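Novice:
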Amino acid sequence: MIRFLFRLIGLVLIAVGFVALVIDGTRSIAGQRLITTSGADSWRAIHPASLGEVEKLLVARDLGWLWDPGLLAVLAMPTAVIGLTLGAMMMLIGRRNEPQVGVIGRR
């Protein structure tokens, strides 16, 4: 059941990354230059107040180091890269293990 949830979340994140890639591609073609939407801009478009709340929560719990170099660097990346990477990681976590019984020399 847990593997199914990881794969489902991974599939949704890959779909979000692909949609963001199509949107950025359309904007780039229309603008005749490379235009990407950062993860922070996408987050602000979906729920603007929560971005500040996450920052306040991390700083209040003495996890400011996680916010400033870590999360800000991730949020500066394009939304498509974030979605596709996180989706692929979730799919890998939720993959099924192949049985090793009777398999010789495949490792």
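Residue numbers (the working numbering): -12 to 94. We put the beta carbon where it would ideally sit given N, CA and C, even for glycine. Here the structure is a predicted model, which means the values were calculated and not measured.
Check each candidate in Ala7, Leu53, Val46 and Met76 and name the one with the smallest Cα separation from Pro65.
Specialist: Checking every option, the nearest Cα to that of Pro65 belongs to Ala7.
Novice: Pull up the distance between the alpha-carbon of Trp30 and that of Leu38, whole angstroms please.
Specialist: Cα to Cα, the separation comes out at about 7 Å.
Novice: Which word fits Leu(-8), buried or exposed, when buried means at least 16 other C-beta atoms lie within 10 angstroms of its C-beta?
Specialist: Answer is exposed; the Cβ neighbour count stays below 16.
Novice: Leaving aside the five residues before and after Leu73 along the sequence, list all residues of the same chain whose C-beta is less than 7 Å from its C-beta, in chain order.
Specialist: Closer than 7 Å at Cβ, skipping near neighbours: Leu0.
Novice: Can you check which of these residues, Arg82, Arg20, Leu44 and Asp11, is closest to Asp28 by C-alpha distance?
Specialist: The option with the nearest alpha carbon to Asp28 is Asp11.
Novice: Can you list, in chain order, the residues of its chain with a C-beta nearer than 6 Å to that of Arg(-10)? Leave out the 5 residues immediately preceding and following it.
Specialist: For Arg(-10), where only same-chain residues beyond five positions count, the Cβ hits under 6 Å are Gly81.
Novice: Would you kindly work out how many angstroms separate the C-alpha atoms of Val88 and Asp49, rounded to a whole number?
Specialist: Rounded to whole angstroms, Val88 to Asp49 spans 48 Å at the Cα level.
Novice: For Gly4 and Val61, which I take to be in contact (beta-carbon distance under 8 Å), what is that distance rounded to the nearest angstrom?
Specialist: Not a contact, Cβ separation roughly 14 Å.
Novice: Span of the alpha helix (DSSP H) holding Trp54?
Specialist: Unbroken run through Trp54: none, as it is neither H nor E.
Novice: Considering only residues of the same chain and omitting the five flanking positions on each side of Leu53, which have a CB-CB separation below 7 Å?
Specialist: Result list for Leu53: Leu45, in chain order.
Novice: At the level of alpha carbons, what is the spacing between Ala47 and Gly18?
Specialist: Cα to Cα, Ala47 sits roughly 41 Å from Gly18.
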